[in-house]
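Positions 1134 to 1347 (this note's numbering) are the ones given, in order, by the sequence shown. Backbone N, C-alpha and C define an ideal beta-carbon position, used for all residues, glycine too.
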Amino acid sequence: MKYLIIVLFLFLPFSLVLSQDKKINVIVIGAHPDDPDGTAGGTAIKFAELGHNVLFVSLTNGDAGHQSKGGGALAKIRRTEAQEAGKRLGVTYRVLDNHDGELLPTLEVRHQVIRLIREWKADIVIGPRPYDYHPDHRNTAILLQDAAYMVIVPNVASDTPPLKRNPVFLYAQDRFQKPYPFIPDIAIDISDVLDRKIYAMAAHESQYFEWLER
Ligand SMILES: [Zn+2]
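Next comes the structure, spelled out in C-alpha cells:
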C-alpha cells in the first residue's frame, strides 16, 4: 500500500478548512517541474476528483536537469512536460522562470511565493522539509517557511491582496533522518490512484526516460 504522508509545520485547525462549504484551494510547491508530482501527485488526484482546485508550482524552470540538453531549450521541454502531467493529474501546473540549480531564498523569490499563495487563495500549502541534500529543494522549503506568515501581512508584496486567514502548511513525506526523521501527522492512502500518479509522472520524459535513473 502506498501512502503520501504529510505533517503540519504551522498548525491551524484542519477542520476549519474542511468545514467550509466551498472548494478547497490546494497548492503544492516544489523546486523542479516533476517535484510536486512525486511528493503529492496521488493526493492531488484525489483532491481534484472531489472538485477542489489544485495548483502545482515549480519554482525553477528545470533548465539544468539533463545530461546533454540544457538552457532555454530544456526549459521549454520541461514546461511542456509539466503541462501534460498537469492534464493527467487534473491540476493546474505553473513553472516559474528561475534557473535550475541556482535557487536561493531571496526576497524576490519569497515575494513570488507569497503572490502565488495569495492569488490561488490557498487553504492548504504542501512543500518539502529543509533537510534535503539538493540546495534547490532545501531553499524551496526555506522560501515556504519565510512566506508562511507573510501571506497575511498586507504591507508585504502589497501589489497582491493578502489572505485573510493563514493557510495550513504541510510538509510532504521524505526519507531524511537528520536532523529529524519525518513524523507523519496525516496519512493519505493513494493506492487506488497510484497507477494514475505514475502515468502522470511519466509525462516528464526528459527526467524519467532520458536522464539519471531514479
Ligand atoms: Zn527536484
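My parser needs the beta strand (DSSP E) runs of 3 or more residues fully inside the stretch 1253-1327; what are they?
Fully enclosed beta strand (DSSP E) runs of 3 or longer: 1257-1260, 1301-1305, 1319-1322.
Excluding the 5 residues preceding and the 5 following residue 1134 in the sequence, name in chain order all residues of the same chain whose CB lies nearer than 6 Å to its CB.
With a pLDDT of 43 at residue 1134, under the threshold of 50, the modelled position of this residue cannot be trusted; read the value that follows with caution. Cβ contact annotation for residue 1134 (same chain, cutoff 6 Å, sequence separation greater than five): 1324, in chain order.
Looking at the C-beta of residue 1311, does it have a partner C-beta in chain D at a distance below 8 Å?
Here chain D cannot be found, since the structure has a single protein chain.
Residues sharing a beta bridge with residue 1188, DSSP:
Beta-bridge pairing links residue 1188 to 1160, 1225.
State yes or no: is the C-beta of residue 1198 within less than 8 Å of the C-beta of residue 1232?
Taking a C-beta distance under 8 Å as the contact criterion, residue 1198 and residue 1232 do not qualify as a contact pair.
Are the CB atoms of residue 1208 and residue 1223 nearer to each other than 8 Å?
No, the pair does not count as a contact, with Cβ atoms beyond the cut-off.
N- and C-terminal bounds of the alpha helix (DSSP H) containing residue 1335
First-last for residue 1335: undefined, no H or E at that position.
Range of the contiguous alpha helix (DSSP H) that encloses residue 1182
Per DSSP, residue 1182 is one residue of the alpha helix (DSSP H) stretching across 1168-1182.
Among 1264, 1311, 1248, 1267, which has the Cα closest to the Cα of residue 1258?
Selected option, being the one with the closest Cα: 1248.
Would you identify the three-state DSSP class for residue 1213, choosing helix, strand or coil?
Residue 1213 sits in a helix when the DSSP states are folded into three classes.
Any heavy atom of ligand 1 closer than 7 Å to the beta-carbon of residue 1269?
Distances taken from the Cβ of residue 1269 to the heavy atoms of ligand 1 include one shorter than 7 Å.
Status (buried if at least 16 other CB within 10 Å, exposed otherwise) for residue 1255
It counts as buried.
The stretch 1258-1271 contacting the stretch 1304-1315, beta-carbon criterion three pairs below 8 Å
Three or more Cβ pairs closer than 8 Å define a contact, and the stretch 1258-1271 meets that threshold against the stretch 1304-1315.
Any idea which residues DSSP pairs residue 1193 with across the strands?
1231, per the DSSP bridge assignment.
Taking the straight line between their C-alpha atoms, what separation do you get for residue 1340 and residue 1287?
If I take the Cα positions, the gap works out to 39 Å.
For residue 1219, the nearest candidate out of 1344, 1343, 1337 (CA to CA):
Comparing alpha carbon positions, the residue from 1344, 1343, 1337 closest to residue 1219 is 1337.
Proximity below 8 Å, CB of residue 1175 to CB of residue 1330:
Cβ atoms of residue 1175 and residue 1330: closer than 8 Å.
Residues whose Cβ lies closer than 5 Å to any heavy atom of ligand 1, in chain order:
Put simply, the residues with a CB less than 5 Å from any heavy atom of ligand 1 are 1164, 1165, 1168, in chain order.
Skipping 5 residues on each side, what residues in its chain have a beta carbon closer than 7 Å to that of residue 1173?
The residues are 1137, 1161, 1259, 1305.
Could you tell me the alpha carbon to alpha carbon distance between residue 1348 and residue 1300, rounded to whole angstroms?
Here the chain has residues from 1134 to 1347 only, and residue 1348 is not among them.
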